[in-house]
Structure formats: C-alpha cells, structure tokens
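Have a look at the structure below, then the notes.
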Amino acid sequence: MRVLAVADSDSYLKWAACLLGDLPAGCVTELVVVRTPIVPSPEQIAAAVNGSVHGGASGSAHGRVSGGVLGGGGASGLEAPPAVLSARSVRRLAERTRPDVILVACTGPVVDVLVSEVLAGLRPRPVFVSGLPGISVPATEKAWLFRSGCDLFVVHSEREAAEFAEIADRLGGGGA
Numbered sequence: 565m566r567v568l569a570v571a572d573s574d575s576y577l578k579w580a581a582c583l584l585g586d587l588p589a590g591c592v593t594e595l596v597v598v599r600t601p602i603v604p605s606p607e608q609i610a611a612a613v614n615g616s617v618h619g620g621a622s623g624s625a626h627g628r629v630s631g632g633v634l635g636g637g638g639a640s641g642l643e644a645p646p647a648v649l650s651a652r653s654v655r656r657l658a659e660r661t662r663p664d665v666i667l668v669a670c671t672g673p674v675v676d677v678l679v680s681e682v683l684a685g686l687r688p689r690p691v692f693v694s695g696l697p698g699i700s701v702p703a704t705e706k707a708w709l710f711r712s713g714c715d716l717f718v719v720h721s722e723r724e725a726a727e728f729a730e731i732a733d734r735l736g737g738g739g740a
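In the working numbering, the protein residues as written are 565 to 740.
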C-alpha cells in the first residue's frame, strides 16, 4: 500500500508521522508539508520527525520518518526531512506517485481545499483520510464539515466516534 501524508502545521505533522509509523510492514509512505501561513519552521519539522515515531525512542521496528519512504518496516535511517511544497506541487506529487491513500493531516479549511479542489479528480482515486491530532470532545459540526469529503475520519475514542457519527447522520458527507 502506498500512502502519501500531507501536513500543514506542527501538531498535524507530529500526528501524521505517528500514524505513518504505525502502518504495517511493506507500506511505502511519503510525508510532506503543504505551504500555508502556519507551516512549521525547519526546526519544528526536524523535531517532529526526528528519531522513532514512537515517543522519540530509537530502534523502532517501524523505522524512522523521513520526507521519503518511511515506516512499516521501511527506511532504517533518518533521511531528509519532509519537503515543504506548494499545493500545486502536492498535486503533482500525487499524480506522479499514485498513492492508494492520502492522509490529509491538516487544519479543517486546508483539508477542505485539498480534497475538494487540489486533489480532486485523481485517477485512480485514492482513499482520503483525515482526523484530528487531539481529542475533540465535544465533536463539532465545523470539524466534520471541513473533513466530510474524506472517506475516513480518524478519532481517538468511542465517544468521539459516536458524536461525529451523529453529526454525519444529520449533516451528510463522508467521501467525495
């Protein structure tokens, strides 16, 4: 499985790196940062992906996060940090690498624009995954609406899942 993760801020970058590190062996992953007004500094990017994706301890069975191939038993050493790309460059990368999954680890408005405009129409269409890096209780309509074009919404608890499911039932959405 090929996974492209796109982050836009420090907290989402850390969350994406952690999720990628938990993928099973054999997954080919790439992590990039989309250029927005809240793009992390080079120091924040390096710190977010430095070492193991599991609490900073080295020697993880999943390998280390990098801007290139990662995780799931992938790369064994720290490679270059994730590249900071324009939205158009993210689109070109997705067209070139044809990921099976795109993890859109971004703030709500950025998720909405990337999924509904920038990455719309990719062939074959990848599965779009998004979520929130922290617990979101109570669940909010705004968080759901910005991410409702995604196929999968990652949450942290059964309570969050139930609250977002209620919002989804009421407002619709879920997949482009």
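Think of the CB as a built atom: it goes at the ideal place given N, C-alpha and C, for glycine as much as any other residue.
First and last residue of the uninterrupted alpha helix (DSSP H) at residue i
i: residue 666; result: That residue, residue 666, is in no alpha helix (DSSP H); its beta strand (DSSP E) goes 665-669.
i: residue 585; result: 574-585
i: residue 679; result: Note, residue 679: premise wrong, no alpha helix (DSSP H); not H, not E.
Where residue i falls, given that 16 or more other Cβ within 10 Å makes a residue buried
i: residue 626; result: Residue confidence for residue 626 is low, a pLDDT of 37 falling below 50, so the modelled location carries little weight and cannot support an answer.
i: residue 595; result: buried
i: residue 735; result: exposed
i: residue 701; result: exposed
i: residue 577; result: buried
i: residue 688; result: exposed
i: residue 590; result: exposed
i: residue 644; result: exposed
i: residue 726; result: exposed
Residue i, enclosing beta strand (DSSP E) - first and last residue
i: residue 725; result: Note, residue 725: premise wrong, no beta strand (DSSP E); alpha helix (DSSP H) at 722-735.
i: residue 709; result: Segment 705-711 is the alpha helix (DSSP H) holding residue 709; no beta strand (DSSP E) there.
i: residue 571; result: 566-571
i: residue 693; result: 691-695
Cross-strand partners of residue i (DSSP beta bridge)
i: residue 659; result: Answer is none; residue 659 lacks a bridge partner.
i: residue 741; result: The requested residue 741 is not part of the displayed model; the chain covers only 565 to 740.
i: residue 605; result: BP columns for residue 605 are empty, so no partner.
i: residue 718; result: 695
i: residue 594; result: 568
Contacts around residue i, its chain only, beta-carbon distance under 8 Å, and the 5 residues preceding and following it disregarded
i: residue 712; result: 732, 735, 736, 737, 738
i: residue 691; result: 664, 665, 666, 715, 716
i: residue 661; result: 566, 568, 594
Nonlocal neighbours in the same chain, by C-beta distance under 6 Å from residue i, ignoring five residues either side
i: residue 601; result: none
8 Å Cβ cutoff, residue i in contact with chain C
i: residue 589; result: The structure shown contains no chain C; it is built from a single protein chain.
Own chain partners of residue i with C-beta closer than 7 Å, once the 5 adjacent residues on each side are dropped
i: residue 707; result: 672, 696, 700
Taking three-plus beta-carbon pairs below 8 Å as touching, is the stretch 571-591 in contact with the stretch 650-660? With a cut-off of 8 Å, the stretch 650-660 and the stretch 571-591 do not count as touching, because too few Cβ pairs lie within range.
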